[in-house]
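*Asks:*
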Amino acid sequence: MKKKLLMLAALSIFMTSCKDFLEPDSLSTFDTNYIYSNVDDARKGVNAIYESFGQDAFRSRLSNNMAGNTDIEHQSGWSSSADRYQIWDLSALATNSDLRITWNAAYTAIRNCNVAIEGIEASAALKSSDATISKKMYQMLGEAYTIRAYWYSMLTFYFGDVPNVRLAPKAGNDFFLPKEDRNVILTQVIQDLIDIEGKMSWADQTSYGIEQVNREYTLGMIARLALQRGGYYLTPSLAMERKSDYLEYYKIAKEYSEKLITLKDRALPTDFRQVFLNESKFVTPTNSDILFEIPFANGNGDVGWNIGITVDGGTTAAHSYGSGNNYMAIPPTYYFSFDTLDIRRDVTCALYKINTSGQAVFVNSTMNIAQGKWSRWFLDKAPGASTAKGTGINWPMLRYSDVLLMLAEAENELNGPTATAQDALRRVRQRAFDSKYWPEKVTNYLTSISGSKQTFFDAIVNERAWEFGGEMIRKYELIRWNLYAKKSQELVATTKEMADAAFAGSGKYSELPDYMYWKRDASGNFKILNPSRKYVGTPDATWTRVSFLASLKPTATTYQDWINKDWEKYYNGPVPGVARYIFPIPAEAITNSQGKLVNDGYQF
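Going left to right, the sequence shown walks through residues -19 to -1, 1 to 585 as mature numbering (1 follows the signal peptide of the UniProt record, and there is no 0) numbers them.
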């Protein structure tokens, strides 16, 4: 059951006007000493650090809209100059309002974390002789360190080097800070989490379970941050580099993913669909796949509004579920990359939407395949005909399958495809297939890809795509692997090959469906006759034919515009072969920095 959340209980003392981070409100020592003198008031203070997750900067922008385009999720950015389109097209200006609100939300959260950290660390309650009190205070301290680390991870992914604010706002502190090396920041926040995780509580020991930062999530974040720190990043000269000490961070990723598996292992739930359906049903199991999810209160959160299966609603609709769109669609190349027996495909990729009559119908086109893991249509209670935002559906931040695959990746990088690496990958693949297919799809597959470090790494790249489609973490993986430009270019080339084969009726992908046939059966269930292969012949009249891959190429010499344009700047930007994924620091922050910040490098 959804618990009415930390974010709603945040102390008003922290909910100040949305100023630039360089002009913070100063809290008095008396205020912080009082707030963090006891567990109950400290809890209210720490709740404030979750507040930025409930803002548009996270719930619609950072969690999904800003995390494309990739080889598994996409949207067209070239068709408009509006703010989110600039981001999708890698052409965002310093005046972009989405960048501004994200920057401000990040530094507001960091400020609140710094206040909580300093308040708790100065509190006598932290070292109380009462073990229960001390344990709760350390747990809250861990939440603050972990959420601060998350926001710095995002800031460095989107802006590169950024100011490193580690002190609460107090008179005399200098908050007009220059940019800090992103590697220094990541090194610091990783160490912060290493130092605190052992004093935190597991999800099943906390009041809010997986709707609250917990030890599982912090351990997983150490591994994730270490892979970010050990991965590639874009320099101001538009070169992709990584530090010579990168293997030290793969060791950290291995150590802490393995530590979580050793201390708090759990079987992956066998029903992949249910993992995400739970979020639409407000079910939050501990000791399961999801380690932490953003706890959107009823009336908050955009899952099922701008991400998920499309629902056409409104006051004239025959249903009361409201309206939901899908800003980040699934490209057909990703859909067809799945093994046809992989149960994750039809959970992740929805070929239907809900119309105003409340019926499932085929999606509009091949560029509108929905992210099928969530939908407002899955809610047990219809939220109302006029509703759109605010579904209350939670958003996954980290899953146990991710920890398993991080272990597999780190172990492979350090030691090759050992038994440890293979076993971690095996556990994820076993859930993806019915057990009767395990000999071929798991055992034989692992043997086939474990001949070298490179082939195993390539398999990890693929497995993470199939496992996490629609969860909007692919962008960060492609960056740290230095595959962003390459995978974007490969996607375009493969899409054109599929289009050519559908148009000519021959070629490498000629067995794929140029057209699909769909209907609703007698019970009203949506069915597709040929989701994986071309249908030869003409089915009976109960089936409706829709153009699928055939729609990609209108004539012998032309492709749909989105094929040529959606990813072009990702591999053919200012420096061909390099995705310029870094964005300019917002103009407002530059102005307020008193000359400390400037947008230099990256050919801005």
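No residue lacks a Cβ here, since even glycine has one placed at the ideal position from N, Cα and C.
#1: Do R455 and A446 have their beta-carbon atoms positioned less than 8 Å apart in this structure?
#2: Specify the secondary structure class of R24 as computed by DSSP and reduced to three states.
#3: Which stretch, first to last residue, makes up the alpha helix (DSSP H) that contains W84?
#4: Count the C-beta pairs between the segment 257 to 272 and the segment 224 to 240 that are closer than 8 Å, then say yes if the count reaches three, no if not.
#5: Which runs of the alpha helix (DSSP H) spanning at least 4 residues fall entirely within the segment 220 to 306, listed in chain order?
#6: Using DSSP with H/G/I as helix, E/B as strand and the rest coil, what is L3?
#7: Sort A413, Y516, Q172 and Y562 by Cα distance to A531 and report the nearest one.
#8: Alpha carbon to alpha carbon, how far is L(-9) from I566?
#9: Here's the rule I'm using: 16 or more other beta-carbon atoms within 10 Å means buried, otherwise exposed. How should K439 be labelled?
#10: What number of angstroms, rounded off, separates the C-alpha of A310 from the C-alpha of I350?
#11: Tell me, please, which residues DSSP counts as bridged to T539.
#12: Would you report the Cα separation of V322 and R410, rounded to the nearest angstrom?
#13: Taking the continuous beta strand (DSSP E) assigned at K334, which residues delimit it?
#14: Taking a contact to mean a Cβ-Cβ separation below 8 Å, would you say R40 touches F277 in this structure?
#15: Contact between the segment 189 to 201 and the segment 217 to 227 is defined here as three or more beta-carbon pairs at a separation below 8 Å; is this criterion met?
#16: Using alpha carbons as the reference points, say which of T476, L388, L258 and A560 lies closest to I441.
#17: Quick one: is Q255 near chain D, going by C-beta distance under 8 Å?
#18: Which residues does DSSP list as the beta-bridge partners of S346?
#19: Could you check if Y213 is buried or exposed, using at least 16 other CB atoms within 10 Å of its CB as the buried criterion?
#20: In this structure, what does DSSP give as the bridge partners for R326?
#21: Can you tell me whether DSSP reads Q584 as helix, strand or coil?
#22: Confirm, please, whether the CB-CB distance from I563 to L215 is below 8 Å.
#23: Do Y308 and Q56 have their C-beta atoms closer together than 8 Å?
#24: Suppose you measure from the CA of T475 to the CA of V556; what does that come to, to the nearest Å?
#25: Using 10 angstroms around the beta-carbon of T243, count the other beta-carbons present and answer buried if the total reaches 16, otherwise exposed.
#26: Does the beta carbon of A503 fall short of 7 Å from some heavy atom of the ligand MN?
#27: Considering M497, what are the terminal residues of the beta strand (DSSP E) in which it resides?
#28: Report the rounded CA-to-CA distance for T137 versus G558, giving the unit in angstroms.
#29: Starting from the Cα of L360, find the closest Cα among T428, I68 and V264 and give me that residue.
#30: Using the C-alpha atoms, what's the distance from A105 back to S18?
#31: Whole alpha helix (DSSP H) runs in the segment 458 to 518 with 4 or more residues, listed along the chain?
#32: Rounded to whole angstroms, what is the Cα-Cα separation between S491 and L533?
#33: Kindly indicate which three-state DSSP category S41 falls into: helix, strand or coil?
#34: Hey, is the segment 477 to 497 in contact with the segment 412 to 431, meaning 3+ C-beta pairs nearer than 8 Å?
#35: Drop a sphere of 10 angstroms on the beta-carbon of E102, count the other beta-carbons inside from all chains shown, and report buried for 16 or more, exposed for fewer.
#36: Within its chain, find whatever has a CB closer than 6 Å to the CB of D22; leave out the 5 residues flanking it on each side and keep chain order.
*Replies:* So, from the listed chains and residues:
#1: Position 465 of the sequence shown, counted from the start, is the residue given in the question as residue 446. Position 474 of the sequence shown, counted from the start, is the residue given in the question as residue 455. Yes, these two residues count as a Cβ contact at 8 Å.
#2: Translated into the one-based positions of the sequence shown, residue 24 becomes position 43. The answer is helix: DSSP assigns R24 an H, G or I state.
#3: Your numbering for residue 84 matches position 103 in the sequence shown. W84 -> alpha helix (DSSP H) spans S78 to E102.
#4: In the pairwise beta carbon analysis, the segment 257 to 272 is classified as not touching the segment 224 to 240: fewer than three pairs are separated by under 8 Å.
#5: The segment 220 to 306 contains these whole alpha helix (DSSP H) runs: 227 to 244 and 253 to 261.
#6: For the purposes of this step, residue 3 is taken as the residue at position 22 of the sequence shown. Bear in mind that the predicted position of L3 carries a pLDDT of just 41, short of 50, making it too unreliable to give a figure here.
#7: Translated into positions along the sequence shown, residue 531 becomes position 550. Here the closest residue by C-alpha is Y516.
#8: On the sequence shown, position 11 is the one that residue -9 refers to. On the sequence shown, position 585 is the one that residue 566 refers to. Caution is warranted here: a pLDDT of 38 is assigned to L(-9), below 50, making its placement in the model unreliable, and the coordinate value is therefore given only provisionally. If you draw a straight line from the Cα of L(-9) to the Cα of I566, it is about 29 Å long.
#9: Locating residue 439 in the sequence shown gives position 458, counting from the first residue. Note on residue identity: the sequence assigns Asp, not Lys, to residue 439. D439 counts as exposed, since fewer than 16 other beta carbons sit within 10 angstroms of its beta carbon.
#10: Residue mapping note: residue 310 aligns to position 329 of the sequence shown, counting from 1. Residue mapping note: residue 350 aligns to position 369 of the sequence shown, counting from 1. C-alpha separation (whole angstroms): 5 Å.
#11: Taking the sequence shown and counting its residues from 1, the one referred to as residue 539 is at position 558. According to DSSP, T539 bridges with T536.
#12: Locating residue 322 in the sequence shown gives position 341, counting from the first residue. Locating residue 410 in the sequence shown gives position 429, counting from the first residue. In the sequence under discussion, the amino acid at residue 322 is Leu, which differs from the Val named in the question. The straight-line gap from Cα to Cα measures roughly 12 Å.
#13: As a working mapping, residue 334 is identified with position 353 in the sequence shown. Y333 to I335 is the span of the beta strand (DSSP E), which, as asked, contains K334.
#14: Here residue 40 is taken as the residue at index 59 of the sequence shown, counted from 1. Here residue 277 is taken as the residue at index 296 of the sequence shown, counted from 1. Taking 8 Å as the cut-off, the Cβ atoms of R40 and F277 count as close.
#15: With the cut-off at 8 Å, the segment 189 to 201 and the segment 217 to 227 do not touch.
#16: Sequence index remark: in the sequence shown, residue 441 carries index 460 (1-based). Cα-wise, what sits closest to I441 is L388.
#17: The question asks about chain D, but that chain is absent: this structure has only one protein chain.
#18: Along the sequence shown, read from residue 1 onward, the residue named residue 346 stands at position 365. None, per the DSSP bridge assignment.
#19: Walking along the sequence shown from the start, residue 213 turns up at place 232. Taking every protein chain shown into account, the CB of Y213 has 16 or more other CB atoms within 10 angstroms, so this residue is buried.
#20: Here residue 326 refers to the residue found at position 345 of the sequence shown. Residue pairing by DSSP places R326 in no beta bridge whatsoever.
#21: As a first step, residue 584 is located in the sequence shown; it is residue number 603 there, counting from the start. Coil at Q584, not helix or strand.
#22: Here residue 215 refers to the residue found at position 234 when the sequence shown is read from its first residue. Here residue 563 refers to the residue found at position 582 when the sequence shown is read from its first residue. Contact: yes.
#23: Along the sequence shown, read from residue 1 onward, the residue named residue 308 stands at position 327. Along the sequence shown, read from residue 1 onward, the residue named residue 56 stands at position 75. Less than 8 Å divides the Cβ of Y308 from the Cβ of Q56.
#24: For this step, residue 475 is matched to residue 494 along the sequence shown. For this step, residue 556 is matched to residue 575 along the sequence shown. A direct Cα-Cα distance of roughly 22 Å separates T475 from V556.
#25: Within the sequence shown, the letter at position 262 stands for residue 243. Classification for T243: exposed.
#26: Absence of the ligand MN from the depicted structure is noted, as is the absence of any ligand whatsoever, leaving it without description.
#27: In the sequence shown, the residue the question calls residue 497 occupies position 516. Going by DSSP, M497 is part of the beta strand (DSSP E) stretching over Y496 to R501.
#28: Residue numbering aside, residue 137 sits at position 156 when the sequence shown is read from its first letter. Residue numbering aside, residue 558 sits at position 577 when the sequence shown is read from its first letter. If you draw a straight line from the Cα of T137 to the Cα of G558, it is about 21 Å long.
#29: Within the sequence shown, the letter at position 379 stands for residue 360. Put simply, of T428, I68 and V264 the residue whose alpha carbon is nearest the alpha carbon of L360 is V264.
#30: Residue mapping note: residue 18 aligns to position 37 of the sequence shown, counting from 1. Residue mapping note: residue 105 aligns to position 124 of the sequence shown, counting from 1. Our two residues, S18 and A105, have alpha carbons roughly 7 Å apart in a direct line.
#31: The segment 458 to 518 contains these whole alpha helix (DSSP H) runs: 465 to 485.
#32: Here residue 491 corresponds to residue number 510 of the sequence shown, with the count starting at 1. Here residue 533 corresponds to residue number 552 of the sequence shown, with the count starting at 1. The C-alpha of L533 is placed about 14 Å away from the C-alpha of S491.
#33: Walking along the sequence shown from the start, residue 41 turns up at place 60. Of the three classes helix, strand and coil, the one that applies to S41 here is helix, per DSSP.
#34: Output reads no: the segment 412 to 431 does not touch the segment 477 to 497.
#35: As a working note, residue 102 is residue 121 in the sequence shown. With fewer than 16 other Cβ atoms from the protein chains shown falling within 10 Å of its own Cβ, E102 counts as exposed.
#36: As a first step, residue 22 is located in the sequence shown; it is residue number 41 there, counting from the start. For D22, where only same-chain residues beyond five positions count, the Cβ hits under 6 Å are I16.
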